[in-house]
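Undergrad: Below you will find the structure I want to go over with you.
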Amino acid sequence: MIISLVGYMGSGKSHISKILSDKINFKLIDLDKEISRRNKLTIPEIFERKGEIYFRKLERETLEEILATQENIVLSLGGGTPAYYNNMEIINNSSKSVFLRASISTLAERISKQKEKRPLIANISDEDLPEFIAKHLFERNNFYGKAQFSINTDNKNPEDIITEITEKLYL
Numbered sequence: 038m039i040i041s042l043v044g045y046m047g048s049g050k051s052h053i054s055k056i057l058s059d060k061i062n063f064k065l066i067d068l069d070k071e072i073s074r075r076n077k078l079t080i081p082e083i084f085e086r087k088g089e090i091y092f093r094k095l096e097r098e099t100l101e102e103i104l105a106t107q108e109n110i111v112l113s114l115g116g117g118t119p120a121y122y123n124n125m126e127i128i129n130n131s132s133k134s135v136f137l138r139a140s141i142s143t144l145a146e147r148i149s150k151q152k153e154k155r156p157l158i159a160n161i162s163d164e165d166l167p168e169f170i171a172k173h174l175f176e177r178n179n180f181y182g183k184a185q186f187s188i189n190t191d192n193k194n195p196e197d198i199i200t201e202i203t204e205k206l207y208l
């Protein structure tokens with residue numbers, strides 16, 4: 038079984054996937070880290086040197102390869118992954134998809150502390166961040182909403198979120 042975690046940056050995909058994979062003894066794969074490992078470049082370096090279209094192509098190829106395996110995997114996806122090609126369709130056809138949903142204020146609070154690690158928001162002021170997130174969510178929520186399961190992460194500790202995921206997936 039493959040469990041794919043989708044959601045906007047700051048929704049907790051990386052953190053929750055690590056705890057979940059440890060708890061259920063599944064292999065952990067972070068899609069962005071896997072792309073970086075295979076290409077020996079960071080995601081920002083890929084964007085800078087080759088452009089977003091090239092990155093999205095790599096992302097799709099890597100996603101397809103991972104979803105074609107027969108391993109037990111918790112797969113943490115990039116925030117934009119579901120919004121390109123028909124990625125959300127293949128994610129749903131090849132895995133159990135879980136949307137980690139959070140409010141704009143929660144997302145802004147979480148990611149404002151990580152600006153140096155997130156090139157997409159590095160130059161956005163804290164005051165403008167909620168509007169930036171709202172715009173992106175407007176564009177992406179249609180894709181995130183296609184996930185088979187949705188969990189609100191606002192004001193919940195990781196263990197409660199993990200419990201909800203395992204209950205919904207009957208693990």
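First residue of the sequence shown: 38, per our numbering; consecutive thereafter. Ideal Cβ placement from N, Cα and C applies to all residues, glycine included.
Can you list the alpha helix (DSSP H) stretches of 4 or more residues lying completely in the region 67 to 107, in chain order?
TA: Within the region 67 to 107, the complete alpha helix (DSSP H) runs of at least 4 residues are 68 to 76, 80 to 87 and 89 to 104.
Undergrad: For L144 and K50, which I take to be in contact (beta-carbon distance under 8 Å), what is that distance rounded to the nearest angstrom?
TA: Along the sequence shown, one-based indexing puts residue 144 at 107. Along the sequence shown, one-based indexing puts residue 50 at 13. Going by Cβ atoms, the distance from L144 to K50 rounds to 12 Å, so no, they are not a contact pair.
Undergrad: Could you tell me the distance, in whole angstroms, from the CA atom of N107 to the CA atom of M38?
TA: For the purposes of this step, residue 107 is taken as residue 70 along the sequence shown, with counting starting at 1. For the purposes of this step, residue 38 is taken as residue 1 along the sequence shown, with counting starting at 1. First, the amino acid is wrong: residue 107 is Gln here, not Asn. So the two alpha carbons sit approximately 7 Å from each other.
Undergrad: Is the beta carbon of K60 sitting closer than 7 Å to the one on I198?
TA: Taking the first residue of the sequence shown as 1, we reach residue 60 at position 23. Taking the first residue of the sequence shown as 1, we reach residue 198 at position 161. No.
Undergrad: From I188, A184, I66 and N192, pick the residue whose C-alpha is nearest to that of N109; which is it?
TA: Looking up residue 109 in the sequence shown gives position 72. The shortest Cα separation from N109 among I188, A184, I66 and N192 belongs to I66.
Undergrad: Taking only the alpha-carbon atoms, compute the straight-line gap between L78 and L114 and give it to the nearest angstrom.
TA: As a position in the sequence shown, residue 78 is number 41, starting the count at 1. As a position in the sequence shown, residue 114 is number 77, starting the count at 1. Computed Cα separation, rounded: 18 Å.
Undergrad: How is F22 classed by DSSP in three states: helix, strand or coil?
TA: Given a span of 38 to 208 for the chain in the structure shown, any question on residue 22 remains unanswerable.
Undergrad: Report the rounded CA-to-CA distance for I148 versus N130, giving the unit in angstroms.
TA: Here residue 148 corresponds to residue number 111 of the sequence shown, with the count starting at 1. Here residue 130 corresponds to residue number 93 of the sequence shown, with the count starting at 1. Using only the alpha carbons, I get a separation of about 30 Å.
Undergrad: Hey, would you say D191 sits closer than 7 Å to A139, going by beta carbons?
TA: In the sequence shown, residue 191 corresponds to position 154, counting from 1. In the sequence shown, residue 139 corresponds to position 102, counting from 1. A contact, by the Cβ cut-off of 7 Å.
Undergrad: Closer than 8 Å by C-beta to I202: which residues in its own chain qualify, once you throw out the five before and the five after it? Chain order, please.
TA: As a first step, residue 202 must be located in the sequence shown, where it is residue number 165. So the qualifying residues of the chain are I40, I53, L57, V135, F186, I188 and L208.
Undergrad: How many angstroms separate the CA atom of E82 from the CA atom of R97?
TA: Locating residue 82 in the sequence shown gives position 45, where the first residue counts as 1. Locating residue 97 in the sequence shown gives position 60, where the first residue counts as 1. Each residue's alpha carbon lies about 18 Å from the other.
Undergrad: Considering only DSSP beta bridges, list what R177 is partnered with.
TA: Position 140 of the sequence shown holds residue 177. Answer is none; R177 lacks a bridge partner.
Undergrad: Which partner residues does P63 have in the DSSP bridge list?
TA: Here residue 63 corresponds to residue number 26 of the sequence shown, with the count starting at 1. It should be noted that the sequence gives Phe, not Pro, for residue 63. Per DSSP, none; premise fails for F63.
Undergrad: For a test of the three-state rule: what should DSSP assign to L57, helix, strand or coil?
TA: Here residue 57 refers to the residue found at position 20 of the sequence shown. Of the three classes helix, strand and coil, the one that applies to L57 here is helix, per DSSP.
Undergrad: When you compare each of N194, N76 and L95 to S48 by their alpha carbons, which one comes out closest?
TA: If you number the sequence shown from 1, residue 48 lands on position 11. Comparing Cα positions, the closest option is N194.
Undergrad: In the DSSP assignment, the alpha helix (DSSP H) including I128 goes from what residue to what residue?
TA: Position 91 of the sequence shown, counting from 1, holds the residue named residue 128. Start and end: N124 to S131.
Undergrad: Just how far apart, CA to CA, sit E76 and K154?
TA: Your numbering for residue 76 matches position 39 in the sequence shown. Your numbering for residue 154 matches position 117 in the sequence shown. A small correction: the amino acid at residue 76 is Asn; Glu does not occupy that position in the sequence shown. Their Cα atoms are separated by approximately 19 Å.
Undergrad: Quick check on this structure: which residue in K94, Y121, L112 and E89 has the alpha carbon closest to the alpha carbon of R177?
TA: In the sequence shown, the residue the question calls residue 177 occupies position 140. Among K94, Y121, L112 and E89, the Cα nearest to that of R177 belongs to Y121.
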